[in-house]
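Residue numbers (the UniProt record's numbering): 1 to 131.
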C-alpha cells in the first residue's frame, strides 16, 4: 500500500484536484509566482495571499530516475519518477511516477501529460508520455 499524504490547508487542493481531472497549483495572488510544493507564504514576495489554479497538466521532463529497489512490499519494479517543468506555471515542477511507458524510455525534455491515481480520495499525479 502506498503511504498517503496528510492533508493540510496548504496542500488539500493539490491532492484532491484530480477528482475533477485538474492539476491544481498554488499561485501568489499578489505577484503571480507559481509555488510548488504548496506553501502558505509566497517565497518571492512574502505575501500570504495564496490561491490554487488549475494548470494545463502538461510539461517537459526536467530530470528523472529509474528505480529498481522495491521500497514497499509488493511494489513493482522497475519504475520511473520524473520531475516535470509545468506548462503555465513557470518555475513549478511536479515529481510523479511515469505510467504507460517503459521506464527505460523516459528522456530529459520529453513532453508529459498528467493523469491521476485515486487512493482513498487522495489523487496522486502520474505522468505519461504525451505522444
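Just so you know, even glycine gets a beta-carbon here, dropped at the ideal spot from N, CA and C.
Short of 7 angstroms from the beta carbon of residue 113, and not among the five residues preceding or following it, lie these beta carbons of its own chain, in chain order: 57, 58, 128 and 130.
Its Cα nearest to that of residue 126, the residue 81 stands out among 91, 81 and 89. Per the C-alpha coordinates, the member of 46, 40 and 68 positioned closest to residue 8 is 40.
Going by C-alpha positions, residue 38 is about 18 angstroms away from residue 19.
Note that the C-beta distance between residue 49 and residue 30 is below 8 angstroms. By the Cβ neighbour-count rule, residue 33 is buried, with 16 or more other Cβ atoms within 10 Å of its own.
In the DSSP assignment, residue 96 falls within the unbroken beta strand (DSSP E) covering 93-98.
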